[in-house]
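Engineer: Under the working numbering, think of the first position of the sequence shown as 453, with each following residue one higher. Starting off with a structure, shown below.
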Amino acid sequence: MLVQERICDDELILIKNTKAYTSASFILRGANDFMCGEMERSLPDALCVARVLESKSVVPGRGVVEAALSVYLENYATSMGSREQLAIAEFARSLLVIPNTLAVNAAQDSTDLVAKLRAFHNEAQNAKI
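Structure follows, in structure tokens:
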């Protein structure tokens, strides 16, 4: 159904009550042209974020990957019987700098937070065995 409506100072022709929703329109309203321009520039970014979140292909952030890799490498290092064990264990410890720094920058107790993060990943990785 085609409908002509007036929104603010604009005359719009709207298609309503369609059975197939293959397209959508956004009506952006703001205090001034600058605000509307900013919304228009931000809209594609917001749609991309929504599409990525729906695809479920997001990698967790905030040092989670580094903490999980650190726990895995520490467990792997204990299975080594040579000097490589020390290098692997030290690299695993160095990965924790990232979640530690992020916690400090967020004004959190980094020692407690990283310890909880390591415990969680250690439990999760041992549960798979």
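Think of the CB as a built atom: it goes at the ideal place given N, C-alpha and C, for glycine as much as any other residue.
Going by DSSP, what residues sit across from V462 in a beta bridge?
Structural biologist: Reading off the sequence, residue 462 comes out as Asp, not Val. I459, per the DSSP bridge assignment.
Engineer: What ranges does the alpha helix (DSSP H) occupy inside the region 476-552, keeping only unbroken runs of at least 4 residues that lie completely in it?
Structural biologist: Counting whole runs of 4 or more residues, the region 476-552 contains the alpha helix (DSSP H) stretches 485-507, 516-530 and 536-547.
Engineer: My understanding is that A539 touches H573, with C-beta atoms under 8 Å, so please give their C-beta distance in whole angstroms.
Structural biologist: Contact doesn't hold; Cβ gap of about 21 Å is too wide.
Engineer: Would you say L417 and S522 are within 8 Å of each other, going by their C-beta atoms?
Structural biologist: With the chain covering only 453 through 581, there is no way to say anything about residue 417.
Engineer: By Cβ distance below 6 Å, which residues in the same chain neighbour Q537 in space, the five residues on each side in sequence not counted?
Structural biologist: Here the set comprises A529.
Engineer: Rounded to a whole number of angstroms, what is the C-alpha to C-alpha distance between L505 and L495?
Structural biologist: Using only the alpha carbons, I get a separation of about 15 Å.
Engineer: With DSSP as the reference, identify every bridge partner of L454, one or two as the case may be.
Structural biologist: Its beta-bridge partners are I467.
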